[in-house]
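Residue numbers (the numbering used here): 696 to 823.
Below you'll find the structure, written out as structure tokens, and then a few comments.
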């Protein structure tokens with residue numbers, strides 16, 4: 696039994712390593728995209744895209760939403776419905792950001808679809 700567990704350790708280590716690498720890659724990509732969107736919309740302090748929670752504040756500034764909406768990060772503490780409310784708020788933020796970039800607001804709904812959300816961020820950041 697103990698030898699079985701030891702034989703799984705390299706696979707577990709590889710899985711954790713790949714997960715950390717993937718997380719960092721996505722974090723860098725999304726931060727870069729948000730920073731470029733901020734620069735294209737002439738929003739001050741584009742560097743806030745790299746700081747957790749401050750990047751939510753930057754999203755409110757890009758979308759022209761009141762800064763108090765940054766408190767949306769507290770929604771997940773509400774049992775059962777909090778995470779859904781946070782997702783809805785993120786869709787709203789990206790809706791307003793898409794409009795600020797001159798794109799259809801409904802693109803914000805596409806942020807709910809994995810991988811498609813990364814493409815939409817890229818278009819908003821580096822597209823015309």
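Cβ atoms here follow ideal geometry from the backbone N, Cα and C, with glycine treated the same way.
Taking all protein chains shown into account, decide if residue 700 is buried (16 or more other Cβ within 10 angstroms of its Cβ) or exposed.
-> Within the chain shown, residue 700 is the residue found at index 5, counting from 1. Looking at its Cβ environment, which holds fewer than 16 other Cβ atoms inside 10 Å, residue 700 is exposed.
Mind checking residue 788: buried by the 16 CB within 10 Å criterion, or exposed?
-> Taking the chain shown and counting its residues from 1, the one referred to as residue 788 is at position 93. Looking at its Cβ environment, which holds 16 or more other Cβ atoms inside 10 Å, residue 788 is buried.
Going by beta carbon distance, what residues of the same chain come within less than 8 Å of residue 750, once the five residues before and after it are set aside?
-> As a working mapping, residue 750 is identified with position 55 in the chain shown. Contacts found: 726, 729, 743, 744.
C-beta atoms of residue 758 and residue 808 nearer than 8 Å | Sequence index remark: in the chain shown, residue 758 carries index 63 (1-based). Sequence index remark: in the chain shown, residue 808 carries index 113 (1-based). In this structure, residue 808 does not lie closer than 8 Å to residue 758 by Cβ.
Grab me the residues of residue 767's own chain with a C-beta within less than 7 Å of its C-beta, minus the 5 sequence neighbours each way, in chain order.
-> Numbered from 1 along the chain shown, position 72 holds the residue referred to as residue 767. Once the five neighbours on either side are set aside, the close Cβ partners of residue 767 are 751, 781, 784.
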